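K.L.:
Counting from 233, one number per residue, gives the positions in the sequence shown under my numbering. This is the structure I want to talk about, given as structure tokens.
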Amino acid sequence: MRSNQAAHFDVDCAGSDWQTSSRIHVFDHDVLVDALSRRSLVHRLAGGFASALHVAFNGGLWGYFRHAWRFGLFFLFPFLLVCLMTATVLGIASLPHWLNLAGWNLLWSVPLAALLLYRVLLPFAARFHTLHLFADWEMAVALARLDRPDFNRWLESCVDGAREAFSERADEYLISSHSMGSSVAVHVIGMLIERHPDILAGKRVVFATLGGAILQCALMRPAEALRARVGTIARAREIFWFEVQCLTDVVNFYKTRVATLSGHPQEKQPSIAYIKVKHMLSADRYRRIRRNFLRVHRQYVLGPDVRASFDFTLLTAGPLPAAAFASFSRTNMPTLPGRAAGNDDALPSGPSELRQRRGA
């Protein structure tokens with residue numbers, strides 16, 4: 233279903249002595265990444281490298297290595313890979329020159345280089361979603377600078393959609409965001425509070441950032457509006473903000489305090505819930521995915537194989553207060569109402585959908 237501003241769907245869940253009804257509003261920034269990805273290969277490469285230079289010369293790269301060195305390596309990875317691919321292609325194309333062969337040999341070396349690029353190197357790069365990451369970094373820069381009219385119009389539509397969602401009655405409003413979606417959420421909720429200071433009055437609101445990468449954008453010097461909105465959310469008394477972080481996820485800022493690093497050390501910092509992916513999956517599944525850093529990063533919004541301290545479906549559509557997930561651990565597992573603590577059957581397992589709970 234689609235309201236005036238955002239798509240939404242309803243989820244009804246029930247147990248022996250509990251029942252929940254959730255309306256899930258979806259603000260999907262993939263539409264922006266898809267638009268960037270539809271351009272020609274040359275434009276995608278040029279845009280990605282321009283974004284990388286912006287990150288490097290505006291404090292982002294230094295901030296990444298200072299506060300989360302593995303995220304710094306994640307930033308460098310796609311650009312170094314493309315540089316290596318480019319050097320390989322140019323090296324093969326220029327073989328006749330290096331071997332002191334006649335110029336007509338370019339007739340075989342250039343086609344050979346092109347064949348290697350399109351049949352071997354680009355498919356290899358696609359396994360690591362390299363060009364998608366180029367678009368992702370263009371979006372990160374756009375969210376930091378707020379200088380792209382198309383992105384800004386989309387953010388405005390999200391603000392309208394969020395205002396509509398908060399106008400609905402609910403026991404609890406959960407704002408959940410994953411990865412760079414957390415920067416989007418900060419902009420949208422921050423703008424909403426700036427324009428409608430009383431919109432959250434009397435509401436129970438939880439903001440859960442999963443594998444949050446707000447600092448991906450906030451550490452760039454031009455991201456003044458984003459950093460200010462981090463402070464706006466941190467000061468909002470109606471919002472309980474917690475982050476879910478994982479050591480083995482390289483695409484998050486592990487053990488960082490996002491409000492402090494955004495310039496608000498005096499404000500209440502988001503609570504942090506630490507999880508381990510290997511404690512959420514079967515040994516076989518974890519063995520198969522542990523070296524795929526993007527797959528590990530997606531686990532926050534996927535279902536666990538075993539009972540775990542964090543379950544995205546249970547967070548977004550289950551009967552437990554969302555804020556409770558900030559304190560769950562392996563020794564304090566979430567338990568459904570009416571079930572005895574320690575019962576291994578107390579929680580469902582299996583795949584989940586990307587959801588938000590009760591009108592947020």
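We treat Cβ as the ideally placed atom computed from N, Cα and C, and that holds for glycine. Quantities reported herein were computed from a predicted structural model and do not represent experimental measurements.
Rank Phe-398, Gln-531, Glu-396 and His-364 by C-alpha distance to the C-alpha of Asp-262 and give the top, closest one.
P.N.:
His-364
K.L.:
Pick from Ala-325, Val-342, Val-321 and Leu-375: whose alpha carbon is nearest that of Leu-353?
P.N.:
Val-321
K.L.:
Leaving out five residues before and five after His-529 in sequence, what residues of the same chain have Cβ atoms less than 6 Å from its Cβ?
P.N.:
Gly-443, Asp-481 and Val-483
K.L.:
Quick check: Ala-445 and Ser-494, are their CB atoms within less than 8 Å of each other?
P.N.:
Against a cut-off of 8 Å, the Cβ pair of Ser-494 and Ala-445 comes out as no contact.
K.L.:
Please report the straight-line C-alpha distance between Phe-297 and Leu-285, rounded to a whole angstrom.
P.N.:
16 Å
K.L.:
Compare the beta carbon distance of Leu-447 and Thr-488 with 8 Å and say whether it is the shorter of the two.
P.N.:
yes
K.L.:
Using only the alpha-carbon positions, how far apart do Leu-547 and Phe-281 sit?
P.N.:
38 Å
K.L.:
Who are the near neighbours of Leu-344 in its chain, counting only those whose CB is closer than 7 Å to its CB and skipping five residues on each side?
P.N.:
The beta carbon of Leu-344 lies closer than 7 Å to those of Ile-324 in the same chain, with the five residues before and after it left out.
K.L.:
In angstroms with no decimal places, state the Cα-to-Cα distance between Arg-522 and Arg-436.
P.N.:
37 Å
K.L.:
If you follow the beta strand (DSSP E) that Val-258 is part of, which residue opens it and which one closes it?
P.N.:
251-258
K.L.:
Among the residues of its own chain, which have a CB less than 7 Å from the CB of Arg-527, if the five just before and after it don't count?
P.N.:
Ile-521
K.L.:
Tell me the DSSP secondary structure of His-261 in three-state form.
P.N.:
coil
K.L.:
Check the C-beta distance from Leu-268 over to Glu-388 and give it rounded, since I have them as a contact under 8 Å.
P.N.:
So it is not a contact: roughly 19 Å between Cβ atoms.
K.L.:
Given a threshold of 16 other Cβ atoms within 10 Å of its Cβ, counted over all protein chains shown, does Asp-576 qualify as buried or as exposed?
P.N.:
Its pLDDT being 44, under 50, Asp-576 is placed unreliably by the model, and nothing is read from it.
K.L.:
Where DSSP assigns a beta bridge to Asp-244, which residues make up the other side?
P.N.:
Its beta-bridge partners are Ser-253.
K.L.:
Alpha carbon to alpha carbon, how far is Tyr-350 from Ala-460? Give it in angstroms, no decimals.
P.N.:
Approximately 44 Å, taken between the alpha carbons.
K.L.:
Measuring CB to CB, does Asp-379 end up less than 8 Å from Val-265?
P.N.:
no
K.L.:
If you scan the stretch 379-431 from start to end, which runs of the beta strand (DSSP E) of 3 or more residues do you find wholly inside it?
P.N.:
For the stretch 379-431, the continuous beta strand (DSSP E) assignments of 3+ residues that do not extend past its boundaries occur at 405-410, in sequence order.
K.L.:
State the DSSP-derived secondary structure class of Tyr-506, mapped to helix, strand or coil.
P.N.:
strand
K.L.:
Would Val-418 and Ile-471 be called neighbours here (beta carbons separated by less than 8 Å)?
P.N.:
Cβ distance not < 8 Å, so Val-418 and Ile-471 don't count as in contact.
K.L.:
In angstroms, rounded to a whole number, what distance separates the CA positions of Trp-595 and Leu-316?
P.N.:
The structure shown does not extend to residue 595, since the chain is modelled only from 233 through 592, so no value can be given for it.
K.L.:
Let me check understanding here. Comparing Cα to Cα, which of His-329, Ala-394, Leu-458 and His-428 lies closest to Ala-372?
P.N.:
Leu-458
K.L.:
From the DSSP secondary-structure annotation, give me the bridge partner or partners of Phe-472.
P.N.:
Partner residues in the beta bridge of Phe-472, as assigned by DSSP, are Val-438.
K.L.:
For Ser-561, which residues does DSSP report across the bridge?
P.N.:
Asn-564
K.L.:
Is it the case that the stretch 499-507 contacts the stretch 534-542, given that we only count it when at least three CB pairs across the two stretches are under 8 Å?
P.N.:
yes
K.L.:
By the three-class DSSP mapping on this structure, what secondary structure does Ala-515 have?
P.N.:
helix
K.L.:
With DSSP collapsed to three states, give me the class of Ala-284.
P.N.:
helix
K.L.:
Using CA coordinates, which residue listed in Gln-501, Ala-440, Ala-376 and Ser-561 is at the minimum distance from Thr-511?
P.N.:
Reading off the sequence, residue 511 comes out as His, not Thr. His-511 has its Cα closest to that of Ser-561, out of Gln-501, Ala-440, Ala-376 and Ser-561.
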